[in-house]
Every structure is written in C-alpha cells, then in structure tokens.
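First residue of the sequence shown: 10, per this note's numbering; consecutive thereafter. All C-beta atoms, glycine included, are put in the ideal place defined by N, C-alpha and C. Encoded as structure tokens, the structure appears first; notes follow it.
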Amino acid sequence: MRSSGILLAVSSLPSRFGIGTLGEGAFRFIDFLSESGQYYWQLLPVNPPGFGNSPYQAHSAFAGNVFYIDPGLLKKDGLLSESEMNAMLLPQSDRTDYSLMNGKRAGLLKTAAARIEENNREFCLFEKENSFWLDDYCRYMALKEKNSMKGLFEWKKLNVCESEVLVQKKLQFLFFSQWQSLKAYANNNGVHLIGDLPIYVSHDSADFLSHRSLFLTDPSGSPSVLSGCPPDSFSPSGQLWGNPVYDWEKMEKDGFAWWKQRFSQAQKMFDAVRIDHFRGFYEYYCVPAGAKNAVRGEWRKGPGMKFVREIKKTFPSLGIIAEDLGFLTEATRAFFKESGFPGMKILQFAFDENNSEYLPHNHQKNAVVYTGTHDNPTMVEWQCSAKKETLSRAMNYLGANSCAELCDAFIRAAFASVCETAIIPIQDWLKKGSPARMNTPSSVNNNWEFRVRESELTERLSQRILNYTLLFSRKQEEQQ
Numbered sequence: 010m011r012s013s014g015i016l017l018a019v020s021s022l023p024s025r026f027g028i029g030t031l032g033e034g035a036f037r038f039i040d041f042l043s044e045s046g047q048y049y050w051q052l053l054p055v056n057p058p059g060f061g062n063s064p065y066q067a068h069s070a071f072a073g074n075v076f077y078i079d080p081g082l083l084k085k086d087g088l089l090s091e092s093e094m095n096a097m098l099l100p101q102s103d104r105t106d107y108s109l110m111n112g113k114r115a116g117l118l119k120t121a122a123a124r125i126e127e128n129n130r131e132f133c134l135f136e137k138e139n140s141f142w143l144d145d146y147c148r149y150m151a152l153k154e155k156n157s158m159k160g161l162f163e164w165k166k167l168n169v170c171e172s173e174v175l176v177q178k179k180l181q182f183l184f185f186s187q188w189q190s191l192k193a194y195a196n197n198n199g200v201h202l203i204g205d206l207p208i209y210v211s212h213d214s215a216d217f218l219s220h221r222s223l224f225l226t227d228p229s230g231s232p233s234v235l236s237g238c239p240p241d242s243f244s245p246s247g248q249l250w251g252n253p254v255y256d257w258e259k260m261e262k263d264g265f266a267w268w269k270q271r272f273s274q275a276q277k278m279f280d281a282v283r284i285d286h287f288r289g290f291y292e293y294y295c296v297p298a299g300a301k302n303a304v305r306g307e308w309r310k311g312p313g314m315k316f317v318r319e320i321k322k323t324f325p326s327l328g329i330i331a332e333d334l335g336f337l338t339e340a341t342r343a344f345f346k347e348s349g350f351p352g353m354k355i356l357q358f359a360f361d362e363n364n365s366e367y368l369p370h371n372h373q374k375n376a377v378v379y380t381g382t383h384d385n386p387t388m389v390e391w392q393c394s395a396k397k398e399t400l401s402r403a404m405n406y407l408g409a410n411s412c413a414e415l416c417d418a419f420i421r422a423a424f425a426s427v428c429e430t431a432i433i434p435i436q437d438w439l440k441k442g443s444p445a446r447m448n449t450p451s452s453v454n455n456n457w458e459f460r461v462r463e464s465e466l467t468e469r470l471s472q473r474i475l476n477y478t479l480l481f482s483r484k485q486e487e488q489q
C-alpha cells in the first residue's frame with residue numbers, strides 16, 4: 010500500500026500564540042494534508058520538553074506538552090475570557106521563543122485548568138484511566154515548579170500541596186481532550202498520525218523518579234551508566250546523550266510491563282509510531298556516569314527479539330517504524346530484519362559513497378523513505394554544504410543539471426522509490442535553508458524553534474504535492 014506524508018512538529022505549526030498548538034493551525038494543516046493527498050502526518054514527540062527544549066529529553070514518556078494547549082479552544086469552552094486569551098497572543102514569527110512560554114502564559118493555562126470542576130465526569134474518568142502515570146507525573150511537575158524548574162537532583166523542597174498536583178492533572182486533561190479531538194478530525198479526513206517514541210527517558214523525569222528500580226543505578230539512586238553512541242566520522246568524541254539506561258533483566262521479569270503501558274498510551278494517541286534508536290533493544294552503547302564524552306563506552310546486550318515478540322503480540326494493530334540509522338553490524342541487521350518492522354531510508358545519506366544502501370535502486374518495499382529527518386540539514390542547506398564529490402554523485406544519479414534542481418529531484422526520487430511510504434519534511438517542500446533546520450545533534454542552541462507561516466501553506470503548494478502523489482501512485486483512494 011503506497012502512501013506519503015509530511016513531517017512537521019506541533020510546535021512548528023502556525024498559530025497566534027508563539028508556538029504551534031492543537032487549535033486552528035493544526036486543524037488547517039490537516040485540511041492541507043487531506044487536500045494534498047497525504048495519508049500521514051509524522052510528528053516529533055509531544056511530551057513536555059526538557060533540557061534544551063528537546064522533546065527527546067522529556068519530563069515524562071506519557072504526559073503531553075501543556076504549551077500545545079490552544080487558548081482559543083479554552084475560550085470557546087468557557088475556560089478563558091476574551092481578555093485572558095488575548096494576553097497570550099504573540100506576533101507571528103518564524104521561530105518559537107520558549108522563554109515566552111513561561112510566566113503569564115503558564116499562569117493563564119493554570120487559571121483555565123482550575124476552572125474545571127473537580128467532580129467533572131470527563132475529568133474524573135480521565136484521572137481514573139490514566140492513574141498509572143498521571144499521579145506520578147503531576148506530583149513530579151508540581152515539585153519541579155516549587156524548585157524553580159531545577160533538575161531532579163538539585164531539588165531542596167520535597168513537599169507539595171495536593172491542590173498544586175490537581176491543577177497539573179487538569180492541565181493534562183485539557184491537553185488530551187484537545188489531542189483526541191484533533192486526532193478524530195485527522196482520521197475522519199483520511200489523515201493518520203505517526204508519533205515518535207524516544208527509546209530513552211530523561212534522568213530529570215517523572216519516569217526515572219517513580220520507577221528508579223527499572224534503571225541501572227548506583228547505591229545512591231543516581232544513574233550508574235549513561236546512554237550515548239560511539240565515536241564516528243560525524244562525531245570524533247561520540248555522542249553523550251546522558252539518559253539513564255534500563256535494567257533490562259528487571260524489566261523482563263514482569264513481561265516489560267512499563268513498556269506495555271507506554272505502547273498502550275502511544276496506541277491511543279497515534280495510528281503508528283517511529284521508535285527512535287530501535288537498535289538499542291538489541292544492543293546499546295553506554296558510558297560510565299560522570300564521563301565527559303562518549304569515547305570510553307561499551308556495547309551491552311538488550312532484550313532483543315524477546316521484547317519485539319512481546320510488543321507485537323500485545324499491540325498487533327499498532328504500526329511501528331524502526332529507526333535503523335547509523336553504523337550497523339551484521340547481527341543488528343539480522344535483528345531489524347527479523348523484527349519485520351519497516352526501517353528508514355534517508356536520501357541525504359545515499360551519495361556519500363558508491364552503491365550506498367540508501368540509493369533508491371537499493372530500497373526495499375518494507376521501508377519508509379525520507380529526504381532527511383529532524384536531525385538532518387534541510388535539503389537546501391545540504392546542497393550548500395555537501396562535499397563536491399557527493400553533490401556530483403547526486404546530480405549525476407538524479408539527472409539534475411544544477412544545485413537549484415536538487416531539492417525537487419530528491420523529493421521526486423523519494424516518491425518514485427519502491428518504499429511503501431515516503432515522508433518529506435515540510436522544510437523541503439518549502440525549499441527552506443539553514444535557518445529552518447529543526448535540530449543539530451550534539452548542539453543545544455537554536456534547536457526545535459522552526460515554525461511555518463500560514464501564508465506558506467498555499468493552494469499552489471498543495472496542488473504540487475498532490476500531483477507528485479498521484480504521479481507516483483501514493484494516494485490511497487487511487488489504489489482501491
């Protein structure tokens with residue numbers, strides 16, 4: 010079943026509130042996707058972002074980012090007045106200013122949440138159904154705020170009022186109420202949501218605080234080893250991600266119960282999920298806590314196919330994309346193949362060497378092809394920074410006469426690929442340059458800030474996307 014979609018974070022949506030929300034801009038983007046013949050909207054994690062505003066260092070693997078709550082919808086529901094909503098309005102911008110999300114905006118969201126009656130039937134049902142994570146997260150978040158948003162290991166105050174915890178629960182209720190309305194609208198319009206599931210959680214998270222026994226820790230309860238990846242040609246000192254590492258033996262004893270809760274949550278929110286760093290289930294790289302970089306680390310065995318079989322058995326209808334990028338051994342390749350999950354083919358990686366596995370003629374049907382991901386430069390940035398020999402290979406392979414033609418040539422190659430699904434970042438459809446890059450790995454500045462303007466999602470662009478979708482038989486109704 011051939012299909013296509015667009016990669017765009019919720020934070021990058023157009024809105025009047027300084028950051029993308031689950032309101033008007035999101036609904037209009039779904040209309041844009043539907044009119045463009047797109048089957049998928051792929052997102053980045055929608056959990057509360059942590060260090061560096063990264064959604065991959067979230068404060069919870071289950072909670073939602075409350076800054077995605079749309080003030081316009083709160084006004085419509087009678088939870089904010091006109092003047093309160095207007096106090097959150099910000100000028101249209103190409104960047105998200107995360108510093109503006111706190112202060113008055115955070116206070117007004119709490120004001121709206123406090124107006125929800127404690128005995129509200131829908132809230133009570135939400136509280137009951139989500140108690141397995143909601144209680145822990147909301148207590149953690151209330152404590153974090155009491156400690157001036159400092160990291161978990163810097164906390165001095167360890168007591169919190171129940172009323173503060175309750176407000177956090179109501180904020181989550183608002184997020185998930187708006188989320189479910191958006192998902193229903195998407196599905197009713199033929200658009201399916203692909204979520205993003207980071208394999209690790211942050212050490213500054215409710216998950217680590219409440220389930221510390223599931224991680225490898227020292228006698229004081231601090232992580233004994235940290236996640237990362239070894240040195241390579243892109244990063245001579247490796248990448249030190251800094252997440253706590255799972256105690257897989259402990260997790261296996263209860264049938265991976267915590268992971269099943271996590272996948273259950275994902276299944277409610279999305280139609281499919283991309284699992285970041287999927288190879289970590291087979292083997293994972295870790296370094297001793299306190300290390301300055303990832304040079305002196307080691308590979309350790311993960312749960313492998315025991316875990317995969319358990320997840321497939323428990324969640325047979327959840328679509329899963331396995332992120333299989335980076336250096337792979339024969340053993341890890343065999344693991345990916347045995348899992349049966351589609352992997353990822355990144356066209357920007359295709360021309361660094363002759364006969365790369367990422368070249369379209371080497372693709373497989375059971376895979377998802379991308380021009381680039383959130384960690385890659387935009388196509389326009391790539392063609393300005395790639396090595397001369399790499400550009401020469403790409404232009405020769407794709408039949409492009411100039412660099413100006415490369416962006417479009419890459420998109421055509423992705424749509425023409427035998428891969429069942431093609432996903433294009435919105436930046437590449439818009440031919441955006443380096444300021445629109447979403448993330449630069451190993452950097453903490455100016456990431457996760459890109460936003461698209463409403464005026465850029467034009468009918469002309471929609472028609473261009475639709476034409477490609479029809480030309481390469483990726484529109485679903487055309488195949489029925």
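- Measure the CB-CB distance between Y149 and H68 and report whether it falls below 9 angstroms. Result yes, Cβ atoms of Y149 and H68 sit closer than 9 angstroms.
- Item | Contacting residues, own chain, Cβ-Cβ under 7 angstroms from D106 (five flanking each side not counted) | Excluding residues up to 5 positions away in sequence, G27 lie with their Cβ nearer than 7 angstroms to the Cβ of D106 in the same chain.
- Task: Just mark Q472 as buried or exposed, buried being the case when its beta carbon has 16 or more other beta carbons within 10 Å.
- Result: So Q472 counts as exposed.
- Starting from T430, follow its DSSP beta bridges and name the residues at the other end. For T430, which the question treats as bridged, DSSP gives the partners S12, V377.
- Query: When the distance is taken between beta carbons, is P232 closer than 9 angstroms to H286?
  - Reply: Going by C-beta atoms, H286 is not nearer than 9 angstroms to P232.
- Message: Quick check on the DSSP output: the alpha helix (DSSP H) that includes W267 runs from which residue to which?
- Response: Here the alpha helix (DSSP H) through W267 covers 266 to 278.
- State the beta-bridge partners of G328 as determined by DSSP. Bridge partners of G328: A281.
- Excluding sequence positions up to five away, which residues of its chain have a Cβ less than 7 angstroms from the Cβ of P239? Excluding five sequence positions before and after P239, the CB atoms of its chain that fall closer than 7 angstroms to its own CB belong to G247, Y294, A303, G306, given in chain order.
- Kindly give me the distance between the Cβ atoms of V254 and L327, rounded to whole angstroms, as I take these residues to be in contact under 8 angstroms. At roughly 25 angstroms, the Cβ-Cβ gap does not stay under 8 angstroms, so V254 and L327 are not in contact.
- Assigned secondary structure, Q51 (DSSP; H/G/I helix, E/B strand, else coil): If DSSP states are grouped into helix, strand and coil, Q51 belongs with the strands.
- Nearest residue (CA-CA) to W188, options S172, M260, L225, I78: Per the Cα distances, I78.
- Distance, Cα to Cα, G311 vs E163? Approximately 31 angstroms between the Cα atoms of the pair.
- Item | CA-to-CA distance, S236 to V296, given in whole angstroms | Going from the Cα of V296 to the Cα of S236 covers about 7 angstroms.
- Task: From the DSSP output, in three-state form, read off Q489 for me.
- Result: Low confidence applies here, because Q489 scores a pLDDT of 39, under 50, leaving its location unreliable; read the following figure in that light. Reduced to three states, the DSSP call for Q489 is coil.
- Using 10 angstroms around the beta-carbon of E362, count the other beta-carbons present and answer buried if the total reaches 16, otherwise exposed. The residue in question, E362, is exposed, as its Cβ has fewer than 16 Cβ neighbours within 10 Å.
- Going straight from the alpha carbon of C170 to that of Y65, what length do you get? Rounded to whole angstroms, C170 to Y65 spans 29 angstroms at the Cα level.
- Task: State the CB to CB distance for the pair A193 and Y146, rounded to an integer number of angstroms; the pair is presumed to be in contact (CB under 8 angstroms).
- Result: That belief does not hold up - the Cβ atoms of A193 and Y146 are roughly 24 angstroms apart, past 8 angstroms.
- Ignoring anything shorter than 4 residues or poking outside the region 296 to 350, list the alpha helix (DSSP H) runs there in chain order. The region 296 to 350 contains, as complete alpha helix (DSSP H) runs of 4+ residues, the segments 314 to 323, 339 to 348 (chain order).
- Task: Could you work out which residue in A123, L466, E347 is closest to Q89 when comparing CA atoms only?
- Result: Correcting the residue identity first, residue 89 is Leu in this sequence and not Gln. Checked all of A123, L466, E347; the closest Cα to L89 is A123.
- Helix, strand or coil for V453 per DSSP? Three-state DSSP puts V453 in coil, outside helix and strand.
- Under the three-state reduction of DSSP, which class applies to D417: helix, strand or coil? Of the three classes helix, strand and coil, the one that applies to D417 here is helix, per DSSP.
- Assign E487 to one of two classes, buried (16 or more other C-beta atoms within 10 Å of its C-beta) or exposed (fewer than that). Caution is warranted here: a pLDDT of 45 is assigned to E487, below 50, making its placement in the model unreliable, and the coordinate value is therefore given only provisionally. E487 sits exposed, since fewer than 16 C-beta atoms from the chains shown fall within 10 Å of its C-beta.
- Straight-line gap, L16 to K155 (C-alpha atoms, nearest Å): Computed Cα separation, rounded: 36 angstroms.
- Leaving aside the five residues before and after L42 along the sequence, list all residues of the same chain whose C-beta is less than 7 angstroms from its C-beta, in chain order. The answer, listed in chain order, is I15, W50, V200.
- Excluding the 5 residues preceding and the 5 following P382 in the sequence, name in chain order all residues of the same chain whose CB lies nearer than 7 angstroms to its CB. Residue identity differs from the one stated: residue 382 is Thr in this sequence, not Pro. Closer than 7 angstroms at the Cβ level, and outside the excluded window around T382, lie I355.
- Task: Under 8 angstroms by Cβ, that's how I've got Y209 and N168 pegged, so tell me the actual separation to the nearest angstrom.
- Result: Not a contact, Cβ separation roughly 29 angstroms.
- Item | Complete runs of the alpha helix (DSSP H) confined to the region 108 to 191 [at least 4 residues] | Counting only runs that start and end inside the region 108 to 191, the alpha helix (DSSP H) elements of at least 4 residues fall at 113 to 123, 130 to 138, 140 to 155.
- Query: Which first and last residues belong to the alpha helix (DSSP H) in which L42 is found?
  - Reply: Note, L42: alpha helix (DSSP H), 33 to 44.
- Item | Run of the alpha helix (DSSP H) containing Q436, from where it starts to where it stops | 435 to 438 is the extent of the alpha helix (DSSP H) around Q436.
- Query: If we call anything under 9 angstroms between Cβ atoms a contact, is G352 one with K321?
  - Reply: If you check the CB distance, G352 and K321 do not come in under 9 angstroms.
- Which of helix, strand or coil does DSSP assign to V200? Here V200 sits in coil by DSSP.
- Query: Under a CB-based cut-off of 9 angstroms, is W268 close to chain C?
  - Reply: Going by chain labels, chain C is absent from the structure shown, which holds only one protein chain.
- Touch check for the region 392 to 406 and the region 452 to 459: three-plus C-beta pairs under 8 angstroms? At 8 angstroms Cβ cutoff, the stretches do not touch.
- Could you check the C-alpha separation between A425 and K277 for me, to the nearest Å? Spanning the two alpha carbons is a distance of roughly 32 angstroms.
- Go through its chain and collect everything with a Cβ distance to K441's Cβ below 7 angstroms, but skip five positions before and after it. Listed in chain order, the non-local C-beta contacts of K441 below 7 angstroms within the same chain comprise T387, V389, local neighbours out to five positions each way being set aside.
- Buried or exposed: T338, going by 16 or more other Cβ atoms within 10 Å of its Cβ? So T338 ends up on the exposed side.
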